[in-house]
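Protein chains in written order, with the working numbering: chain A, 1 to 663; chain B, 664 to 809; chain C, 810 to 1143; chain D, 1144 to 1465; chain E, 1466 to 1740. Virtual Cβ for every residue (Gly too), placed ideally from N, Cα, C. Here is the structure we will look at, set down as structure tokens.
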Amino acid sequence: MQKIGVFVCWCGSNIAATVDVETVSDALAREPGVVFSTNYQYMCSQAGQDMIQEKIRELGLTGVVICSCSPRMHEATFRRACEKAGLNPYLVEIANIREQCSWIHKDKAVGTEKAIILGRAAIAKVQLNAPLTAGESPVTKRALVIGGGIAGIQTALDIAEAGFPVDIVEKKPTIGGKMTQIDKTFPTLDCAACILTPKMVDAAQNEKINIISYAQVEEVAGFVGNFSVKIRKRARFVDETKCTGCGLCTEKCPQKNVPNEFNQGLDNRRAIYIPFAQAVPKVATIDPNYCTMLKTGKCGVCSKVCTAGAIDYRQQDEIIQQEYGAIVAATGFEPISMEKFDEFAYSQSPDVVTSLEFERLMNAAGPTGGTLLRPSDGKHPHTLVFVQCVGSRCDGGEKGKPYCSKICCMYTAKHAMLTREKYPDTEVYVFYIDVRTPGKNFDEFYRRAVEEYGVHYVKGMVGKVAPENGKLKVQASDLLGGRQLHIDADMVVLAAAIEPDRSARPLATMLTASMDTNDFFTEAHPKLRPVESPTAGVFLSGACQGPKDIPETVAQAGAAAAKVIGLLSRDHLTCNPCVAESNELMCNGCSACEKVCPYGAITYIDKEFRGPNRTTLVRRVAQVNPAVCQGCGACTVACPSGAMDLKGFSNAQIMAEVDAICK
Amino acid sequence: MQVNQEFRPTIAAFCCNWCSYAGADLAGTNRLQYPADVKIIRIPCSCRLNPLFILRAFQRGADGVILCGCHPGDCHYTTGNYYARRRMTLLFSMLDYLGIERERTRVEWVSAAEGAKFAETMNEFVSTVARLGENRRLEDLRCKSE
Amino acid sequence: MKKLPLSQLDALFAAIAEKRRLYIPAGEAGTASFTPWREGLKLTDALNTARSAKDLFFPQVENLADFKVTGKQIQVIENRDPAEPFVLFGVRACDCRSFDILDKVFLCDPVDTYYQARREQGTVVTLACTEPEETCFCTALGIDPTDPAGDVTAWMAEGFLYLRANTARGEELLSSLPLLEEGEKPEQDRSVFEKLPLRDLDWSAFGGERMMERFNAPQWASLAESCLGCGTCTFVCPTCQCYDIKDFNTGGGVKRYRCWDSCMYSDFTLMSAGQPRPTQLERFRQRFMHKLVYYPANHEGEFGCVGCGRCLQKCPISMNIVKVARALGEEAKP
Amino acid sequence: MQERVKAKAIELLESGCRVLGWKAGEFFYDVTPAVFTSREEIERDFVFNPFCGANQSKYLIAESRRGGRVAAFLKPCDTYSFQQLQKEHRILRENVYAVGVQCPGMCDMDALRAAGLRGVTGAEDRGEKLLVHTLRGDREVDRSLALSERCRVCKSKKLLDCDEMIGQQGEELVSTRFTEVERLEAMTPEERFAFWRGELSRCIRCNACRNVCPACSCEKCVFDNPASGAENKAPASSFEENLFHIIRAFHVAGRCTDCGECSRVCPQHIPLHLLNRKFIKDINQLYGPYQAGADLETRPPLVDFQQDDPEPSIVGERGTNP
Amino acid sequence: MRREALIPQVVQVTDIRRDTPDVKTFRVVDLDGRKPFLHIPGQCAMLSMPGVGEALFSITSSPTNEDYLEFSIKKCGCVTDWLHAIEPGQQVTLRGPYGNGFPVDTDFAGKDLVFVAGGIGLAPLRSVINYVRCYRDRYGTVDIVYGSRSKADLVDYQEILDEWCSEPGISVHLTIDNPQPDWDGHVGFVPNFVKELGFDTGKTVVMCGPPIMIKFTLAGLMEQGFPRDQIYTTLELRMKCGLGRCGRCNIGDKYVCKDGPVFRLDQLDQLPDEY
């Protein structure tokens, strides 16, 4: 039989002024199961807490109802107090008779009556409360960073700095990501390679960091603190431990016509290659799509020239199975394909380039050695047209993206400025919809481009680019001038929108992390938890969460690292005990609960049950991982058979409250 | 329709813990008045609201039931209120189809900052339900005998 | 014997309804039911009601008692409806026989006073059949549909309603109706009953004596295999009488109900310790064994079936007592 | 058709399958679903006629877990349920050999009875007409008169996910199945309330609708579970009649294929399909066309959402007649 | 009007005794403080708490006790959980008595009796045993074989030690399933113990206990050559009405609540095996 104690708080006069606390405690004393009911000036005071504790000990209370302020205020206080007296903290319920009663009613009779009803509801609920104990799960003290761009590198470095081992999985042969391809960075115009490559070296040399390049995550199981990940390390046909990165093989390889992705296909590389000079790890990789030896079994030049004996044509993909406590997604971005933007003649003329291609054309390590030359004829361009928002901020259309890619305004200003600085003889036009420069020194930078460097900023959209006699006829509108412009350009540079890397979606599925409609990872909370995914233990770093520039990326990378460090520094995780629970005897295994679970906390197993007449039946049943479940209760309503219930907010408890309130 | 001046409706308000319950608290903190006919039941998320609870409330004597949750997009659990929204839309449509007065059920998104909206919503809902009078079409007479 | 032109049927109903509550079968085929008579309500043209006449004596739900619990105290409040006199018009021969069967269950010691009160207050006016359905087989159970029992027997023929009192209560009813005239009913043509496809059903395989043999018959497995375990047959059956006792907590007190239950339901015999009828086979078998073997064993060989044919029409999978009788009867033949 | 199906049944039986089919009854119409395990049984009892309307897919839940293979004959509408049950992991597909049988529309004895035919002892298919034998002589009626409601408004003749087909593959049809729902929507709330009260008050809670429903395949129904808080055995008040049917319709919303079995089996002729169809119609209008069972992949509408889904207030805004 | 059998009377629980970790014995009297009704050993009664449920329990006290009724109840479901949580002074409702009871004044008269019980199965037998003790001269020898999982699970252990063991002409044979330090009695399962004790086949055996115990004890007795009409047992099925009407406890032409719960083995042989 329940022994419930009811404690009605006056909250000074906050409650007592509009609620007759004496009447309330008397009325509640007559409720079923209530063995003690009293009222006191300040229940949350030490004296009040002492009284509760004393009564728990004295009367052996099995449940406590406190009629006081909002549970958001003092639920934790009272639970702790009761726990100290030996009562399970989840056997405490609060009736909110301040914020939701005394403070909103003026009539004392009305307030008193309502307070009694709220007290009854809490008593009805506490009758059904079960003692709950927060579970614990151990934490594997190792992190996985997926993606080895600046975001991933920074996150890994910060985590390693705190003393935890980190693995970086990078799908390319080298880490570094998009930033390696960038020439200068805005607004300071310092050289990207100069600031990035030392970090890459740091990562390679940090003994806590293990770089798994040319590899991809294949399977993720487990949950926060206890992920188990399968990584496929692709065969590069070169023994990483033996290769010295001398580059001899890449010079001797007879297969010379492989488009060089590092230079956005603007020049060629060999079938065996090192992406760029500062690559980390600096080892060669054989491209199996082009290597004659791998394709026909004839050649073997690289093997012959390699003094280290590192070439291994029979190398196989390697599967690495590793346990992690936390996972950081840092999969980055890609410029969108220009296929659908034929009005800009991207496919018709090599002189129409994307901004990233332009970066390579301006870069000293690029195909032109840093001299700006037209890809079509290698001549120096005189008139350049930059087109902004290509594929960004497109409403509804299938062509582009609805969002602003955020970085284009600034890098275009940078490109325009650099062009004018290096080649003052050029005319540079920038067509824009809006120029967005919210950032430290950003607007100053843009104004310099306009004011000091004489870049022609034209508000308006380019309608058409037509290659004609070695020129690019650009047809555009000048919205402010209210006229049509026709420019004969030598080069057109398209600020292509950026989109999440294609590997992000399958990865999100593996991680049960949610994504928005544009395939950016969603945050656990857009304001308060911007670097966490809703799936506990999965964190977000860099542009995979949304477009951002380098400093923002690095900031987020550091923030994600801090979250990971916080997690890994704990030996055990305490789980919220108010989690869903599946009654296997009633579960149909229909998967409805799994589909609505935002955390991937529900899995299915085939389980044997005793059937009639000593038979056994194998049934698919849902299981909730209490370490992952956050207790929202979506599954409990999706489940038609009522097999899913939520501890602490069970169907029976809520209905008991409903009954008490509607009586 | 005859309006009974004396009639005080019974209203069950289900509030999600993170936004609307906090919004209700804020209404209290700001001393914003709304009728005592409204009794709040705290649930972790609007998606915890089982249609069964709504029907149960009507059975036990409620004249109106309102669900308050975080604004779509702001759910503490990211997606809970989206599911709640579909469920409630369909359920309310079904109740309407069965001839139950559609004004007796409502969903309102109330954030933790919208104390005023919470109070306004409740004032408005209570007067709407009071105008409708006692719930007759979805009642269980057995529970009304007392 | 009394008679009345059919054109005056409404007047007759009005006269009866003046003094007591009157129920007549009304509504369309498939959903016809015994309905409290009111001005303008017409007798159904369906042969029989969808639910049987047992509802009037053994309703689907009845409030047995209320309880009030305060602290450790319990108060029992017996608040049964006062049984008022009523007339049940238009009961067919099959349903009328079902009252005899139910009486043997409910009126033996200790008497079910709820049932008893209704039986004592009810006057049954039966109506002879002229247009049977193909699903009818009361004749195979020794019932004469052209001369049903009841307090009063009624016939409709040649524009007249003929009424014959069989009991004192019937006599009382008829004598209270001055609009009736004296008259003799014409002889009825019974040939249509000779054409009934189920008229020659053989029940010799059943009865109390061959309990274990029938119980262990292998046919049950295939008969029961597609049974949905619903309660349709039970609830439309005029002789099924299993019930459940349920409490309902209204918040202000506890109401205890008796409601129909079905031995076809999987939770009918479920206990925390186990389930004596674990599969649909046992539950299905129970229902038919009870009607055809156990009941006769306790009641001088009388079957617990009246051949109304409702289960033949209503079973979602068309499994019914006739198919059981055929399957098991076939096996029993030497 | 009868002969082709029967021949196929024998062939499948001999290839090692149990065969789920129909067993002949006392009359031409009272066929019973049955599992056949011998050739003699099939030759003696197997029927496939216009009264074989029951949706047998639900039996496959148990049959597909019994060990060995079971063959089933599925009409187009059954195949939707069949696929929906696979989607919910209830049927083990690998243990089922599904034969799709094209369907001209199935007959319903209750439809004939409603047409005023009494004592029906036989029927002969005469193309457009049906020659009905009764105890009082023969009558010729339109065949369409005997069609069940769901067949009159058939939604699809498409046979999904079959290992084999008898008859031609069909197409999805433009159906008028929502006409009746629209008629109700156009009523005033008072009229609708009166309509449904009239219908639902006939409910005797025999559970036939639930037990026959392929979507109602819970291990234990909430209405049978004393711990669920929804347990209600016999409707002791009009509220409980409403509760059962509202919650049941809600539980199958987004999963109901509109096979119409609930209304077919209701001994009290309650048009339960109109509840399910209302949900289907709403889902189609509010969240885009969705047909439960049409595929194995799409998320059912109630476990899915769009950020710009309409608000619940749309129920009031769009008025009585959306 | 005649009293309706389905309407219970209100009784008061005056005393609750904990017998084993999961068995408690409840003493009830009517509101005037008297015994609610007379009964025969082996009969049952329906106890209920409105809103919680109603359940049938065997009456443990002997008819010779004129002051009260006792029920020994094992915690195993909704109603029993509730009962185990109450305190003395609580009212409950009661109706009965139901069932046939043991033929103490007919078939048992003058016979040598062997009682075999396992666990909570002692509850119905305690009523007979105490009845037999009261009218000791009407019966022959009395043997009581009682076993449980452990010493703590022996119901009424104190009463057995204090009263039954000390009574002349009654032999008590106790056993527990597994050895434990403070137990110097017999260790082993009841069926084997019965076999070891090797009772004379002329005795009448009354058994009550878990199905598995019944099954193996029976096999042993058959082996020893006991005639089937000398063996009695009680059945337990789900019951609602207690009047042989609601249909749950129907086995063949019998209703356990009305025609049972006591059956002779040769009677059970005539019934379908659905218990």
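Option in the options with minimal Cα separation from residue i
| i | options | result |
| --- | --- | --- |
| Q997 (chain C) | C:C903, C:A859 and C:A963 | C:A963 |
| S1631 (chain E) | E:E1739, E:G1674, E:R1598 and E:Q1474 | E:R1598 |
| D737 (chain B) | B:D803, B:P672, B:R671 and B:C679 | B:C679 |
| F1366 (chain D) | C:A937, C:T858, C:D1076 and C:K1064 | C:D1076 |
| G1411 (chain E) | E:G1663, E:R1693, E:E1661 and E:F1580 | The shown model of chain E, from 1466 to 1740, leaves out residue 1411 (chain E), and the question about it has no answer. |
| E1271 (chain D) | D:L1288, D:E1184, D:E1146 and D:E1328 | D:L1288 |
Limits of the unbroken alpha helix (DSSP H) element including residue i
| i | result |
| --- | --- |
| C686 (chain A) | Past the edges of chain A, shown from 1 to 663, lies residue 686 (chain A), and the structure says nothing about it. |
| G1259 (chain D) | Neither: G1259 (chain D) is in no alpha helix (DSSP H) and is coded neither H nor E. |
Closer than 7 Å to chain E by CB, residue i
| i | result |
| --- | --- |
| Y1066 (chain C) | no |
Rounded C-alpha distance that separates residue i from residue j
| i | j | result |
| --- | --- | --- |
| C389 (chain A) | H456 (chain A) | 17 Å |
| D1627 (chain E) | N588 (chain A) | 54 Å |
| L1512 (chain E) | H1549 (chain E) | 13 Å |
| S582 (chain A) | Q653 (chain A) | 17 Å |
| L266 (chain A) | Q321 (chain A) | 38 Å |
| Q1226 (chain D) | A1214 (chain D) | 15 Å |
| L59 (chain A) | E1454 (chain D) | 50 Å |
| L61 (chain A) | T1571 (chain E) | 53 Å |
| R505 (chain A) | G332 (chain A) | 12 Å |
| L494 (chain A) | L372 (chain A) | 16 Å |
| L804 (chain B) | T1041 (chain C) | 27 Å |
| P1476 (chain E) | G1061 (chain C) | Residue 1476 (chain E) is actually Val in this sequence, not Pro. Distance between the alpha carbons of V1476 (chain E) and G1061 (chain C): 21 Å. |
| P438 (chain A) | Q1450 (chain D) | 28 Å |
| L1415 (chain D) | F1338 (chain D) | 12 Å |
| L132 (chain A) | S1200 (chain D) | 43 Å |
| K1616 (chain E) | D50 (chain A) | 42 Å |
Beta carbon proximity, residue i to chain B, threshold 7 Å
| i | result |
| --- | --- |
| M43 (chain A) | no |
Limits of the beta strand (DSSP E) - the one that residue i falls within
| i | result |
| --- | --- |
| S68 (chain A) | G63 to S68 |
| C1402 (chain D) | Element bounds for C1402 (chain D): n/a, residue is neither H nor E. |
| R232 (chain A) | N226 to K233 |
| S1513 (chain E) | C1509 to M1514 |
Interface flag, residue i vs chain D, CB-CB below 7 Å
| i | result |
| --- | --- |
| Q722 (chain B) | yes |
| M586 (chain A) | yes |
Neighbour flag for residue i against chain C, beta carbons, 7 Å
| i | result |
| --- | --- |
| N613 (chain A) | yes |
Jot down the residue ranges of each uninterrupted alpha helix (DSSP H) in the stretch 689-736 of chain B, minimum 4 residues, whole runs only, in chain order. Listed in chain order, the alpha helix (DSSP H) runs fully inside the stretch 689-736 of chain B are 714-722, counting runs of at least 4 residues.
Could you pull out every unbroken alpha helix (DSSP H) segment of at least 4 residues lying fully inside the stretch 1615-1695 of chain E, listed in chain order? Listed in chain order, they are 1655-1662 and 1676-1689.
Residue ranges of each beta strand (DSSP E) within the stretch 70-101 of chain A, 3 or longer:
92-96
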